[in-house]
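Protein chains: 2
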Amino acid sequence: MYVVCVTVFVKPEKVKEFIEATLENATKTRQEPNNVRFDVLQAEEDPNRFFLYEVYKNPEGFKIHQQTKHYLKWRETIADWMAQPRQGVRHNSIFPEDSDW
Amino acid sequence: MYVVCVTVFVKPEKVKEFIEATLENATKTRQEPNNVRFDVLQAEEDPNRFFLYEVYKNPEGFKIHQQTKHYLKWRETIADWMAQPRQGVRHNSIFPEDSDW
Numbered sequence: 002m003y004v005v006c007v008t009v010f011v012k013p014e015k016v017k018e019f020i021e022a023t024l025e026n027a028t029k030t031r032q033e034p035n036n037v038r039f040d041v042l043q044a045e046e047d048p049n050r051f052f053l054y055e056v057y058k059n060p061e062g063f064k065i066h067q068q069t070k071h072y073l074k075w076r077e078t079i080a081d082w083m084a085q086p087r088q089g090v091r092h093n094s095i096f097p098e099d100s101d102w
Numbered sequence: 002m003y004v005v006c007v008t009v010f011v012k013p014e015k016v017k018e019f020i021e022a023t024l025e026n027a028t029k030t031r032q033e034p035n036n037v038r039f040d041v042l043q044a045e046e047d048p049n050r051f052f053l054y055e056v057y058k059n060p061e062g063f064k065i066h067q068q069t070k071h072y073l074k075w076r077e078t079i080a081d082w083m084a085q086p087r088q089g090v091r092h093n094s095i096f097p098e099d100s101d102w
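Line order of the protein sequences matches chains Z and D.
Residues are numbered in our numbering as their position in the first sequence, beginning at 1, plus a constant of 1.
Residues are numbered in our numbering as their position in the second sequence, beginning at 1, plus a constant of 1.
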C-alpha cells in the first residue's frame, strides 16, 4: 500500500470549519476505487493539530486523488485556515500484507 | 479510537534488524484484545525513516500494551538502533466512525 501521512496545524478559530471540510473530503475520497482508508485524527494534547492517514493501493491512486474535484476544493478551502504549511510524508507499507488492509 | 503515531529514524546499518524486531512486535500487538491496527510503514524518500500506526479501542488499551512482554522487548531491542529519539503523537479519531474500523 501507498500511505500518505499529513499533519495539519489549524488556526484555533477555524478548527470547527476545518473538521467539516475535511470530513467531506475524507468521505468522498473513500469512494475513489484506489483509496483504502482515510482516517482523520485530532491530537490528544493539541486540539489544533490534525493527522490525516490516507491509504491508496498504489502511488498512481494518490496521483489520481490529487486531481479530484473534492481534493482540489478541500485544498483551496482550508488554505487560509492553517497555522503553518502542512507536512506530508509518503510511505510504502511493510505490515500488514496488502491483502489484510 | 485512540491512535498512537510513532516516527522512528533508524541507523542505516540497523534497518534490517529493526524491521524484523518491529514485525514481531506488530504481530503480537495485533493479538491484544484492545488493539485494532498496527501498520508498519517505510518512508518513500528515506528508507531509514519508519512510521508505526497503532490503533487501540481506548487509551487504556494502549496503557496495557505498554506493559506487555513483546512491547518491552521491542523497546529494549531497538533502543540503540535509533538515530534519534523516536517521536510519538497520540490522537483521538474523528473519522471513520468507531464501528467502521
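By construction, the Cβ of each residue, glycine as well, lies at the ideal position given by its N, Cα and C atoms.
Fair warning: this is a prediction, and the values are worked out from it, not measured in the lab.
Beta-carbon gap between residue i and residue j smaller than 9 Å
i: Z:GLU45; j: D:ASN93; result: yes
i: D:VAL11; j: D:ASN59; result: no
i: Z:ARG87; j: Z:VAL7; result: yes
i: Z:GLU33; j: Z:THR69; result: yes
i: Z:VAL9; j: Z:ILE79; result: yes
CB contact below 9 Å: residue i versus chain Z
i: D:THR69; result: no
i: D:ASN93; result: yes
i: D:GLU18; result: no
i: D:ASP40; result: yes
i: D:VAL4; result: yes
i: D:PRO14; result: According to the sequence as given, residue 14 of chain D is Glu; it is not Pro. It does not; no Cβ of chain Z falls within 9 Å.
DSSP-derived helix/strand/coil call for residue i
i: D:THR69; result: coil
i: Z:ASP81; result: helix
i: Z:GLU14; result: helix
i: Z:GLU45; result: coil
i: Z:ASN26; result: helix
i: Z:LYS55; result: With the sequence shown as reference, residue 55 of chain Z is identified as Glu, and Lys is not the correct amino acid for it. In this structure, Z:GLU55 counts as strand in the three-state DSSP scheme.
i: D:ARG31; result: coil
Given residue i as reference, the closest of the options once Cα atoms are compared
i: D:HIS66; options: D:ARG31, D:LEU42, D:MET2, D:GLU18; result: D:ARG31
i: Z:ARG91; options: D:LEU73, D:GLU18, D:ILE79, D:VAL41; result: D:VAL41
i: Z:TYR3; options: Z:ASP101, Z:THR23, Z:ASN36; result: Z:ASN36
i: D:ILE95; options: Z:VAL9, Z:THR23, Z:SER100; result: Z:THR23
Neighbour flag for residue i against chain D, beta carbons, 9 Å
i: Z:ASN59; result: no
i: Z:GLN43; result: yes
i: Z:ARG50; result: yes
i: Z:PHE10; result: no
C-beta neighbour in chain A for residue i, strict 9 Å
i: D:VAL7; result: Included in the structure are the protein chains Z and D, with no chain A among them.
Buried versus exposed call for residue i [16 or more other C-beta atoms within 10 Å across all chains shown]
i: Z:LEU73; result: exposed
i: D:ALA27; result: buried
i: Z:GLU55; result: buried
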